[in-house]
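Novice:
Residue numbers (the working numbering), protein chains in the order written: chain A, 26 to 321; chain B, 11 to 364; chain C, 6 to 388.
#1: My parser needs the beta strand (DSSP E) runs of 3 or more residues fully inside the segment 310–385 of chain C; what are they?
#2: Taking the CB atoms as reference points, tell me whether residue 160 of chain C and residue 259 of chain C lie closer together than 7 Å.
#3: Could you list the residues in the segment 259–280 of chain C with a C-beta less than 7 Å from some C-beta on chain F, going in chain order?
#4: I'd like to check one pair, residue 36 of chain C with residue 104 of chain C: are the Cβ atoms closer than 7 Å?
#5: Consult DSSP for residue 109 of chain A and reduce its assignment to one of helix, strand or coil.
#6: Compile a chain-ordered list of the residues in the segment 36–58 of chain A whose CB is closer than 9 Å to at least one CB of chain C.
#7: The beta strand (DSSP E) that contains residue 15 of chain B, what's its start and end?
#8: Residues bridged to residue 182 of chain B by DSSP?
#9: For residue 74 of chain C, which of helix, strand or coil comes out of DSSP?
#10: Indicate the three-state DSSP secondary structure (helix, strand or coil) for residue 144 of chain A in the structure shown.
#11: Does the beta carbon of residue 308 of chain A sit closer than 7 Å to a beta carbon anywhere in chain B?
#12: Using a Cβ-Cβ cut-off of less than 9 Å, list which residues of the segment 117–145 of chain A approach chain C; keep chain order.
#13: Expressed to the nearest angstrom, what Euclidean distance is found between the alpha-carbon atoms of residue 68 of chain C and residue 334 of chain C?
#14: Are there any heavy atoms of the ligand NAD lying less than 6 Å away from the beta-carbon of residue 122 of chain C, as far as the coordinates show?
#15: Hey, is residue 50 of chain C's beta-carbon within less than 7 Å of any beta-carbon in chain A?
#16: My output table needs one value for residue 28 of chain C: the three-state DSSP class, helix, strand or coil.
#17: Based on Cα-Cα distance, which residue from B:123, B:138 and B:158 lies nearest to residue 189 of chain B?
#18: So for residue 278 of chain C, helix, strand or coil by DSSP?
#19: Beta-carbon within less than 6 Å of residue 139 of chain B's beta-carbon, same chain only, minus the 5 sequence neighbours each way: which residues are those?
#20: Can you check the segment 131–170 of chain C for any beta strand (DSSP E) of at least 3 residues that lies completely inside it and give the ranges in chain order?
#21: Beta-carbon of residue 156 of chain B versus every beta-carbon of chain C: anything under 7 Å?
#22: Do you know offhand how far residue 63 of chain C's Cα is from residue 290 of chain C's?
#23: Look up residue 81 of chain C in the DSSP assignment and give the residues it is bridged to.
#24: Take residue 286 of chain C as the anchor and find which of C:328, C:251 and C:382 has the nearest alpha-carbon.
#25: Does the beta-carbon of residue 288 of chain B have 16 or more other beta-carbons within 10 angstroms, so that it is buried, or is it exposed?
#26: Which full runs of the beta strand (DSSP E) of 3+ residues lie inside the segment 27–109 of chain A, going along the chain?
#27: Count the other CB atoms within 10 Å of the CB of residue 137 of chain A; is the residue buried (16 or more) or exposed (fewer)?
#28: Can you list, in chain order, the residues of its chain with a C-beta nearer than 7 Å to that of residue 175 of chain A? Leave out the 5 residues immediately preceding and following it.
#29: Taking the beta carbon of residue 26 of chain A as the centre, do at least 16 other beta carbons fall within 10 Å, making it buried, or is it exposed?
#30: List, in chain order, every chain A residue whose beta-carbon is nearer than 9 Å to that of residue 204 of chain C.
#31: Output, in chain order, the set of chain C residues within a Cβ distance shorter than 8 Å of residue 238 of chain A.
#32: Which residue from A:272, A:293 and A:121 puts its Cα closest to that of residue 154 of chain B?
#33: Please check if any C-beta of chain B sits within less than 7 Å of the C-beta of residue 146 of chain C.
#34: Under 8 Å, with one C-beta from each stretch per pair, do the segment 267–278 of chain A and the segment 76–86 of chain A reach the 3-pair mark?
#35: Any contact between the segment 279–297 of chain A and the segment 261–277 of chain B? By contact I mean 3 or more CB pairs, one from each, below 8 Å.
#36: Counting contacts by CB-CB distance shorter than 7 Å, is residue 292 of chain A in contact with chain B?
And the structure:
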């Protein structure tokens with residue numbers, strides 16, 4: 026393989042890997058706040074894209090994206106209010122099952138509202154055939170948008186959780202809800218914010234990849250599966266781990282295409298997941314003991 | 011007769027009664043959907059006890075169904091005739107384990123005997139269940155859910171991506187399976203009644219096995235595990251072994267259902283291994299009640315029958331999604347028919363006394 | 006006198022009763038069953054097919070129905086699941102006692118119900134493309150989409166004109182993709198074309214840049230893609246973004262303007278064989294298909310606010326064939342298959358159908374026109 030080809034594979038791997046990473050980070054936020062794995066996370070990505078496309082005829086692209094992100098965040102908050110907030114000490118099993126049901130309902134609702142046709146946002150800069158050359162490999166300018174957005178999200182989130190009051194309050198709730206409540210933090214409000222945040226970044230990811238991957242009512246499902254594969258590989262609750270694992274998985278899949286038939290690409294992700302679960306469930310980057318501590 | 015067998019007798023009576031009713035009203039065509047429903051119910055009979063009694067969620071049970079169905083379909087449609095000279099094939103033919111005949115278009119066809127294929131299907135499912143059960147059952151909560159989901163996905167990808175298994179089109183022209191003289195598991199209006207009783211008979215057999223399991227020593231141990239695994243281990247119960255045994259048992263039931271349904275419909279497609287199918291089974295167990303065998307059988311009969319008749323139209327998936335959400339939110343123990351019945355009985359008794 | 010009047014009145018009454026009974030007999034609707042994948046992974050196929058079928062049935066009923074009988078269309082959504090297709094087929098045949106069945110949308114489902122319909126003596130006009138639906142032949146089973154092998158041959162003919170001898174083949178892991186790949190690999194040697202890379206991707210694939218990289222490494226002269234999913238557009242975009250400028254051929258699954266819109270500038274120059282529905286407006290006025298095509302395209306667009314696609318056209322053709330066959334067979338089910346086999350020169354959306362006892366598809370390579378995309382629109386390829 027020439028170095029150009031290698032760079033090409035790496036780039037396509039990093040592109041899709043950053044999408045996985047964003048979805049996984051979304052999982053982690055809700056997991057840290059509630060202990061739930063939100064199977065509906067993929068649907069937030071789909072909703073972001075769909076809503077932006079629906080808003081587009083009425084406003085410029087940037088505004089449409091902002092509206093879509095805001096609307097999806099609201100939907101996230103609504104989900105928490107209607108389905109989780111008033112449950113008393115639910116079991117993990119129950120929570121998982123509810124989120125699966127919710128993801129199905131959201132998907133079917135999207136089918137009813139938007140139909141089965143495929144749609145896409147226009148490219149943010151350039152168009153469908155614009156191409157930039159980097160180190161001998163070609164990529165679409167949209168890829169830079171995806172990578173940039175992913176990096177910005179990770180950065181902003183880490184600043185949010187480290188520096189802002191709300192962020193620190195959320196971390197406190199994740200670490201020890203009782204103690205946090207005793208300190209005067211409204212635990213339920215923190216969970217709602219977690220849902221909103223998770224939905225927002227999912228929606229943003231959905232908007233920024235829509236020009237490349239196109240959006241359809243069932244786009245969310247496969248992303249969700251890859252997303253929590255990455256979340257588990259990186260260690261549930263560990264966002265940095267998720268980012269690294271996401272990129273690793275993306276690159277592995279891309280490189281595998283050069284030797285294996287493309288059809289087995291998905292099998293790689295699932296096999297890695299099963300091996301990880303069998304051997305090291307707390308993830309590649311989290312020490313066993315640290316796995317019990319929930320850190321954003 | 012111990013009281014625990016009473017619901018079994020009621021179920022048997024209902025099964026017979028339903029068939030007679032359809033015969034009397036000339037609506038025997040319902041038996042088709044009822045037979046298919048029975049096979050899907052067999053899957054949830056196993057899943058119910060796994061989820062309810064051992065607390066193990068399985069989001070990939072459709073994988074075992076598919077393993078059963080695809081194994082039978084493949085072995086009974088793979089033509090050995092071109093290889094008839096080779097020692098293994100010749101041996102199979104001589105011992106009657108392979109059958110010769112002609113396919114629908116007149117060409118010579120030699121395949122494995124459906125009975126042998128059925129046993130292979132069950133064996134493969136059991137083997138796979140042991141293989142993945144040992145590492146996976148150690149996990150808890152969402153890790154277990156993810157692992158079973160992953161298993162289901164792998165089975166789906168394998169059957170979808172393998173040309174020998176028909177890839178996206180699946181396998182068809184699966185021959186009939188003669189279970190016993192006069193009982194031929196196949197489509198066709200002539201064998202409708204026999205097939206109906208065979209299918210529900212299997213469900214009743216499965217329920218009987220489950221009942222005996224629940225009331226045996228092993229079953230009481232399982233109830234203990236479900237209560238508190240650490241305590242159960244402290245009492246010297248080998249929890250890992252029991253959970254594995256249960257997992258394998260439910261996998262075998264699912265594979266049996268898959269194999270026989272494949273004979274009944276004459277084929278199988280990759281959608282049977284899909285995640286939506288697994289989710290449906292879980293939804294049905296949720297509606298019926300996690301440890302409630304009879305509720306689950308009832309819920310399965312109702313929901314599958316309506317779905318197979320197209321009652322839910324384009325909202326089919328949404329209905330099951332709604333069931334999941336609704337049940338888990340409001341009635342995590344399932345539709346507590348028993349509790350309601352008990353309350354009703356107590357109220358009636360109370361009224362009588364005054 | 007009074008007796009005469011009574012007799013006359015009685016005769017009149019009897020006449021009225023007989024006439025109204027006759028009218029009541031004409032009122033018994035003809036039940037037609039339809040199994041489509043309206044939701045689920047094959048919704049791209051089944052949803053337009055279901056909409057088209059309902060639209061056409063309404064139009065027919067408004068003009069008196071078929072042979073004076075109103076049509077009652079019973080649409081069942083199989084979601085692409087073969088076991089549901091089996092259950093619905095049996096339900097439609099045994100319970101609803103339908104006159105004929107149109108659909109299903111996918112080949113996998115059709116193969117599962119082929120024997121059921123054959124044994125039950127119910128006509129089945131499938132909207133799925135697999136060759137194995139009509140070969141081996143079953144008396145009751147027909148299909149409306151064109152032959153994959155014809156599409157492949159057209160593509161290879163075009164390649165020969167363009168002096169292309171080394172290609173890459175990509176297809177999706179659906180029944181449609183699988184069938185196309187088989188035909189491509191089977192027929193390529195006839196035209197002296199070598200397939201250097203042949204890869205199957207998942208239908209949900211959202212990024213094919215790694216596949217394109219593989220193709221770049223193989224140094225081929227053209228790419229043939231065979232799928233019906235949005236991935237068709239994604240491949241086009243990825244190819245151009247990665248600087249691969251060789252010609253891209255698509256299958257007749259590309260026949261939906263949405264895929265062109267999705268691919269935007271990357272769609273320019275894509276070559277594919279398709280039924281003439283997509284270029285109905287630019288056909289010469291004397292072309293036999295023009296009227297039918299324009300009518301369907303305009304009605305569909307007006308009713309559903311979206312462009313007609315070739316998939317919906319398959320359902321249109323199925324009903325058209327049924328309607329035409331009933332002109333010969335009336336409401337006698339036993340006569341239907343022979344009536345369909347006798348249809349010649351029937352103008353449909355996919356082409357002009359000529360059925361026979363050995364040809365249950367009725368379309369040949371002439372059904373295809375080589376189209377290309379220019380300025381975001383479908384046009385006929387001129388070379």
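No residue lacks a Cβ here, since even glycine has one placed at the ideal position from N, Cα and C.
Specialist: In this structure, then:
#1: Whole beta strand (DSSP E) segments, 3+ residues: 374–379 and 382–385.
#2: In the third chain, the residue the question calls residue 160 of chain C occupies position 155. In the third chain, the residue the question calls residue 259 of chain C occupies position 254. Not a contact, by the Cβ cut-off of 7 Å.
#3: Among the chains of the structure shown, chain F does not appear; the protein chains present are A, B and C.
#4: Stepping through the third chain from its first residue, residue 104 of chain C is reached at position 99. Stepping through the third chain from its first residue, residue 36 of chain C is reached at position 31. For residue 104 of chain C and residue 36 of chain C, yes; Cβs fall inside 7 Å.
#5: Start at 1 with the first residue of the first chain, and residue 109 of chain A comes out as number 84. Three-state result, residue 109 of chain A: helix.
#6: 36, 37, 38, 40, 41 and 44
#7: Your numbering for residue 15 of chain B matches position 5 in the second chain. Counting along the chain, residue 15 of chain B falls outside any beta strand (DSSP E), and DSSP gives it neither H nor E.
#8: As a working mapping, residue 182 of chain B is identified with position 172 in the second chain. DSSP lists B:277 as partners of residue 182 of chain B.
#9: In the third chain, the residue the question calls residue 74 of chain C occupies position 69. Three-state result, residue 74 of chain C: strand.
#10: By 1-based counting over the first chain, the position of residue 144 of chain A is 119. If DSSP states are grouped into helix, strand and coil, residue 144 of chain A belongs with the strands.
#11: As a first step, residue 308 of chain A is located in the first chain; it is residue number 283 there, counting from the start. It does not: the Cβ of residue 308 of chain A has no partner Cβ on chain B nearer than 7 Å.
#12: 133, 136, 140, 141, 142, 143, 144 and 145
#13: For this step, residue 68 of chain C is matched to residue 63 along the third chain. For this step, residue 334 of chain C is matched to residue 329 along the third chain. Approximately 20 Å, taken between the alpha carbons.
#14: Ligands in the displayed structure: none, and consequently the ligand NAD is not present.
#15: Residue numbering aside, residue 50 of chain C sits at position 45 when the third chain is read from its first letter. No, its Cβ sits nowhere closer than 7 Å to a Cβ of chain A.
#16: On the third chain, residue 28 of chain C is found 23 positions in, with the first residue counted as 1. With a pLDDT of 49 at residue 28 of chain C, under the threshold of 50, the modelled position of this residue cannot be trusted; read the value that follows with caution. The answer is helix: DSSP assigns residue 28 of chain C an H, G or I state.
#17: As a first step, residue 189 of chain B must be located in the second chain, where it is residue number 179. Comparing Cα-Cα distances from residue 189 of chain B to each of B:123, B:138 and B:158, the minimum goes to B:123.
#18: Along the third chain, one-based indexing puts residue 278 of chain C at 273. Residue 278 of chain C: strand per DSSP, three-state reduction.
#19: For the purposes of this step, residue 139 of chain B is taken as the residue at position 129 of the second chain. Cβ neighbours of residue 139 of chain B beyond the five flanking positions: 257, 258 and 261.
#20: 146–148
#21: Reading the second chain from its first residue, position 146 is the one you call residue 156 of chain B. For residue 156 of chain B, the answer is no, since every Cβ of chain C falls outside 7 Å of its Cβ.
#22: For the purposes of this step, residue 63 of chain C is identified with residue 58 of the third chain, where counting begins at 1. For the purposes of this step, residue 290 of chain C is identified with residue 285 of the third chain, where counting begins at 1. Approximately 28 Å, taken between the alpha carbons.
#23: Within the third chain, the letter at position 76 stands for residue 81 of chain C. Residue 81 of chain C is bridged to C:40.
#24: On the third chain, residue 286 of chain C is found 281 positions in, with the first residue counted as 1. The candidate whose alpha carbon is nearest that of residue 286 of chain C is C:382.
#25: Here the question's residue 288 of chain B lines up with position 278 in the second chain. Classification for residue 288 of chain B: buried.
#26: Counting only runs of 3 or more, we get nothing.
#27: For the purposes of this step, residue 137 of chain A is taken as residue 112 along the first chain, with counting starting at 1. Label assigned to residue 137 of chain A: exposed.
#28: To locate residue 175 of chain A, count along the first chain from 1; it is residue 150. Excluding positions up to five away in sequence, the list reads 43, 46 and 47.
#29: Locating residue 26 of chain A in the first chain gives position 1, counting from the first residue. Of the other Cβ atoms in all chains shown, fewer than 16 fall within 10 Å of the Cβ of residue 26 of chain A; this residue is therefore exposed.
#30: To locate residue 204 of chain C, count along the third chain from 1; it is residue 199. Under the 9 Å cutoff, chain A gives 282, 286, 287 and 288.
#31: In the first chain, counting from the first residue as 1, residue 238 of chain A sits at position 213. Within chain C, the residues near residue 238 of chain A are 211, 212 and 239.
#32: Taking the first residue of the second chain as 1, we reach residue 154 of chain B at position 144. Nearest C-alpha to residue 154 of chain B: A:121.
#33: Translated into positions along the third chain, residue 146 of chain C becomes position 141. No, residue 146 of chain C lies away from the interface with chain B (no Cβ there is under 7 Å from its Cβ).
#34: no
#35: no
#36: As a first step, residue 292 of chain A must be located in the first chain, where it is residue number 267. Using beta-carbon distances, residue 292 of chain A counts as an interface residue toward chain B, with a partner under 7 Å.
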